[in-house]
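From first to last, the protein sequence lines stand for chains A and B. Position in the first sequence (first residue = 1) + 616 = my numbering. Position in the second sequence (first residue = 1) + 48 = my numbering.
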Amino acid sequence: MAKKKVKLMDICYYRSGDKGDISNIGLMARNDKVYEIIKKEVTPDRIKAHFKDWVKGDVIIYPMDNLNSLEIMMYQALGGGATKTLRIDQTGKAMGNGLSKMEIEVDEDVLTTIT
Amino acid sequence: MKKVRVGAGSSGWPDFKDGALDVAQNGDIDYISFDHLAELTMAILQHQYAKDQTRGYIPEVIPLMKSLLPIWKEKDKHFKMCSNGGGANPPECANQVLKLAQELNLGGIKIGVITGDTIPLSRLDDLQKEGWKFVNLDTGVDDLKNVRDRLLAAYVYTGADEIIDAYSQGADLVIGGRLSDNSLYIGNFMYPLGWQFTDEYWDRIGAGVCVGHLLECSSWSAGTCSNIWEQIDYPKGNPGFPIAEMYENGDCIVSKTDTSGGAIRVQTLKEHLVYEVHDPENYIMPDGICDLTQIKLEQIDKDAVKVTKFADKSRGKPRPENLKLCLAYNDGFISEEITIVCGPKVFKQAEKAHEFVLRRLDHLGLKPREMLWSIIGWDSLCGPTVGAPPADYDPPEIGIRVAFKCDTKEEARACRTECGHLCWGSLGVGAGFTNPPAIRPVFALYPTLIPREAVPLKLEIKEVK
């Protein structure tokens with residue numbers, strides 16, 4: 617099947633927050649098929665490359681099969697943490713929106729499965 | 049089956065007061081919980097308390113109780129309340145509520161006051177001498193000695209034990225300090241349902257930790273901050289706060305009142321179940337560890353979601369031996385300023401201003417420890433993930449925000465006044481400026497652990513007849 621580039625915002629929902637200098641993103645696939653795709657395609661290396669120097673530490677991903685979601689932890693990712701950071705978004709609430717701009721390749725028909 | 053109805057009352061400071069009052073008035077609740085504290089609030093409150101011993105609690109508690117207590121009386125004092133709004137001074141907060149209760153002529157209220165979550169700094173030194181290592185949870189290293197002389201405050205995230213004790217001694221309202229957000233709810237499940245901190249109950253306590261998490265951010269589980277926010281209706285402009293009907297087996301129905309706006313959907317709850325949980329198999333709270341991968345959500349009515357077991361595995365594990373200790377220390381000062389650049393060629397103008405400011409810092413010998421230059425309207429929230437603006441993109445206006453971190457307040461001010469005044473001299477024609485926020489001290493956090501038994505919590509019951 618033909619492949620198509622999509623942004624994560626087209627196929628997922630997201631909510632992000634903080635704990636110290638750790639940014640935490642819950643990435644929710646919008647159906648079972650998308651969940652199988654993001655489990656393979658959304659990797660720590662790709663996330664680090666996407667956030668460039670805003671994420672200085674490791675990225676760890678935990679799957680949540682019960683919610684079709686990935687729990688993504690990014691270390692040293694908030695400019696020192698809520699109380700130390702110079703960023704406007706002190707608690708990383710928009711880091712999920714940042715991730716949602718990441719592009720991945722999917723089978724062309726996946727978008728038609730999103731309701 | 050035995051059950052209890054627990055409502056969310058507050059998720060921080062401030063929160064929507066009408067959300068809490070709606071839950072109390074129309075939610076048919078047995079319990080309501082109020083979280084007023086963010087990660088840093090305790091450091092600010094301890095600072096206030098050190099200067100003035102009649103302060104150090106969340107002032108918002110008083111007007112909130114002024115509106116809430118008459119409802120409590122009207123409902124025949126049926127529901128019980130639990131709050132961490134005592135902050136760094138729970139006794140004074142309780143005194144003020146008692147005074148208020150007398151003024152309102154309520155005819156008797158019992159308040160359980162929990163203290164001891166604030167740890168004197170000398171106690172940390174003693175524990176170190178006894179061999180305890182304060183490993184920084186962010187870095188995995190014990191380097192407390194590097195910040196010891198800059199420590200401002202130390203506070204422990206405490207559990208539900210004393211809340212349960214307070215209820216068993218007849219308290220109508222419990223006021224504590226850094227009671228963990230989650231424990232404010234766990235106590236309200238455990239006491240009426242008779243759950244104990246023993247093996248038989250970890251599955252149920254795990255379920256309670258999960259539901260506490262769903263409730264502790266109030267309106268966030270009911271449509272605010274949601275991916276489906278545009279579809280959510282607020283006919284009267286009042287938000288919905290979630291209410292949990294918890295059954296004694298740990299299964300639960302989360303709903304909201306018909307009188308409020310917002311929505312309870314699988315989606316709105318799912319968004320919160322993935323929020324700030326880190327390792328979902330081990331969501332660690334003072335009263336238990338929840339395995340969030342074992343939770344199932346199911347829509348059973350328009351604004352009602354059933355929260356049950358996903359598989360035949362325990363939802364919980366025994367509570368941790370140690371409690372989370374937050375140490376706050378001084379770490380310099382931050383100054384910032386926002387200027388609006390008017391088009392045409394907004395990005396070119398901003399780039400030129402950036403270059404000008406960097407040269408000027410150098411010229412004046414100003415060396416901020418850190419500096420952040422961001423463009424509001426382009427990269428201020430999502431940083432490098434947005435890339436460079438396309439060459440043909442020229443919006444009518446953008447904002448420039450510059451922020452500096454320096455060791456002293458004077459340096460922070462110098463950076464801003466000399467280089468941050470973009471509107472006067474560092475930009476082309478036509479720029480708008482805003483009043484900069486006050487220069488703020490940086491209270492940095494050193495998160496670590498402390499043995500449970502090293503935290504001398506105390507419960508006192510205060511009463512007006």
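Ideal Cβ positions, reconstructed from N, Cα and C, are used throughout, including at glycine.
How big is the Cα-Cα spacing for residue i and residue j?
i	j	result
B/Tyr331	B/Ile337	5 Å
B/Pro489	B/Ile92	11 Å
B/Ala68	B/Ile119	11 Å
B/Gly364	B/Lys318	19 Å
B/Gln176	B/Arg500	15 Å
A/Met689	B/Leu148	45 Å
B/Tyr205	B/Glu418	31 Å
A/Ser716	B/Asp327	21 Å
B/Glu329	B/Leu340	6 Å
A/Asp634	B/Gly155	44 Å
B/Tyr494	B/Leu241	36 Å
B/Ile159	B/Glu248	31 Å
A/Asn647	B/Tyr282	28 Å
B/Gln144	B/Lys513	15 Å
B/Leu117	B/Lys510	16 Å
B/Phe245	B/Met90	28 Å
B/Ala292	B/Pro432	40 Å
B/Ile448	A/Lys623	28 Å
B/Val434	A/Lys668	11 Å
B/Ile253	B/Lys361	14 Å
B/Pro382	B/Thr482	Checking the displayed sequence, the identity of residue 382 of chain B turns out to be Ile instead of Pro. Answer to the nearest angstrom: the Cα atoms are 17 Å apart.
B/Ser269	B/Gly75	16 Å
B/Gly285	B/Lys125	28 Å
B/Phe237	B/Cys130	12 Å
B/Thr387	B/Val450	9 Å
B/Pro368	B/Ile487	39 Å
At a CB-CB cut-off below 7 Å, which residues of chain B make contact with residue i?
i	result
A/Ala734	There is no way to answer for residue 734 of chain A, as the model of chain A reaches only from 617 to 731.
A/Asp705	Leu429
I'd like the span of the alpha helix (DSSP H) that includes residue i, first residue to last.
i	result
A/Phe667	Pro660 to Phe667
A/Tyr651	Asp648 to Glu657
B/Glu508	Taken as a continuous stretch (DSSP letters only), B/Glu508 belongs to no alpha helix (DSSP H), being part of the beta strand (DSSP E) at Lys506 to Val512.
B/Gln96	Thr89 to Lys99
B/Gln73	Lys65 to Asn74
B/Met238	Asp229 to Leu241
Can you tell me where the beta strand (DSSP E) holding residue i begins and where it ends?
i	result
B/Asp83	Tyr79 to Asp83
B/Pro489	Arg488 to Pro499
A/Pro679	Val675 to Met680
B/Ser303	Cys300 to Ser303
B/Cys141	First-last for B/Cys141: Pro138 to Glu151, but that is the alpha helix (DSSP H), not the beta strand (DSSP E).
B/Thr384	The sequence as given places Glu at residue 384 of chain B; Thr does not occur at that position. Asn370 to Cys390 is the span of the beta strand (DSSP E), which, as asked, contains B/Glu384.
B/Cys454	Glu445 to Cys454
B/Trp421	Glu418 to Ile424
A/Lys635	Cys628 to Lys635
Counting only Cβ pairs nearer than 7 Å, list the residues of chain A close to residue i.
i	result
B/Ala451	Leu702
B/Ser490	Reading off the sequence shown, one finds Val at residue 490 of chain B, where the question assumed Ser. The answer, in chain order, is Thr699 and Lys700.
B/Ile388	What B/Ile388 touches in chain A: nothing, since even the nearest Cβ is about 15 Å away.
So with CB distances below 9 Å, who are the chain B contacts of residue i?
i	result
A/Met644	Asn275, Gln315, Lys318, Glu319 and Val322
A/Ala698	Ala86, Glu87, Leu88 and Leu493
A/Met690	Those do not exist, as A/Met690 stays about 11 Å from chain B at its closest Cβ, beyond 9 Å.
A/Asn713	Leu429, Cys430 and Thr433
A/Tyr651	None at all; the shortest Cβ gap to chain B is about 12 Å.
Give the interface partners of residue i over in chain B, defined as CB-CB distance under 8 Å, in chain order.
i	result
A/Glu687	Val322, Val325, His326, Asp327 and Pro328
A/Asn640	Tyr323, Glu324, Val325 and His326
Note down, in chain order, every chain A residue with its Cβ under 9 Å from the Cβ of residue i.
i	result
B/Glu458	Under the 9 Å cutoff, chain A gives no residues; its nearest Cβ is about 18 Å from B/Glu458.
B/Asp379	Gly696, Thr699 and Lys700
B/Lys365	Residues of chain A passing the Cβ test: none, with the nearest at roughly 16 Å.
B/Asp186	Lys635, Gly636, Asp637, Ile638, Tyr691, Gln692 and Gly697
Listing by chain order, which chain A residues have their CB less than 8 Å from the CB of residue i?
i	result
B/Ile382	Leu702
Query raised in the report: For the 8 Å Cβ check, are there 3 or more pairs between the stretch 715-728 of chain A and the stretch 249-262 of chain B?
Result: Flag = no, the stretch 715-728 of chain A and the stretch 249-262 of chain B do not touch.
Query - Any 3 or more C-beta pairs closer than 8 Å across the stretch 342-352 of chain B and the stretch 217-232 of chain B - result: no
Query raised in the report: Looking at chain B, which residues of the stretch 673-685 of chain A have a Cβ within less than 9 Å of any of its Cβ atoms?
Result: Correct list: Ile676, Tyr678, Pro679, Met680, Asp681, Asn682, Leu683, Asn684 and Ser685.
Query raised in the report: Does the stretch 449-466 of chain B touch the stretch 406-426 of chain B, meaning 3 or more C-beta pairs lie closer than 8 Å?
Result: yes
**Report entry** Contacting positions in the stretch 322-342 of chain B - beta carbon closer than 8 Å to chain A
**Finding:** Flagged, chain order: Val322, Tyr323, Glu324, Val325, His326, Asp327, Pro328, Glu329, Leu340, Thr341 and Gln342.
Query - Inter-stretch contact at 8 Å, needing at least 3 Cβ pairs: the stretch 672-692 of chain A / the stretch 383-400 of chain B - result: Of all C-beta pairs linking the stretch 672-692 of chain A to the stretch 383-400 of chain B, fewer than three are shorter than 8 Å, placing the two stretches out of contact.
Query raised in the report: For the 8 Å Cβ check, are there 3 or more pairs between the stretch 108-116 of chain B and the stretch 71-86 of chain B?
Result: yes
Report task. Decide if the stretch 157-171 of chain B is in contact with the stretch 197-211 of chain B; the criterion is three or more beta carbon pairs, one per stretch, under 8 Å apart. Result -> The stretch 157-171 of chain B vs the stretch 197-211 of chain B: in contact.
Query raised in the report: Taking any Cβ of chain A, which residues in the stretch 390-421 of chain B have a Cβ under 8 Å from it, in chain order?
Result: Glu418, Met419 and Leu420
Report task. Pair every Cβ in the stretch 215-224 of chain B with every Cβ in the stretch 298-313 of chain B, then say whether three or more of these pairs are closer than 8 Å. Result -> no
Query - the stretch 662-674 of chain A / the stretch 55-67 of chain B touching (three or more Cβ pairs under 8 Å) - result: no
Requested in this report: Select from the stretch 237-259 of chain B all residues with a C-beta closer than 9 Å to any C-beta belonging to chain A, and list them in chain order.
Outcome: Those residues of the stretch 237-259 of chain B that come within reach of chain A (Cβ to Cβ, closer than 9 Å) do not exist; the list is empty.
Query - Contact residues within the stretch 345-359 of chain B, judged by C-beta distance below 9 Å to chain A - result: Leu345, Phe358 and Ala359
Query raised in the report: Is the stretch 178-186 of chain B touching the stretch 100-107 of chain B in the sense that three or more CB pairs, one from each, lie closer than 8 Å?
Result: no
Query raised in the report: Taking any Cβ of chain B, which residues in the stretch 653-669 of chain A have a Cβ under 7 Å from it, in chain order?
Result: Answer set for the stretch 653-669 of chain A: His666, Phe667, Lys668 and Asp669.
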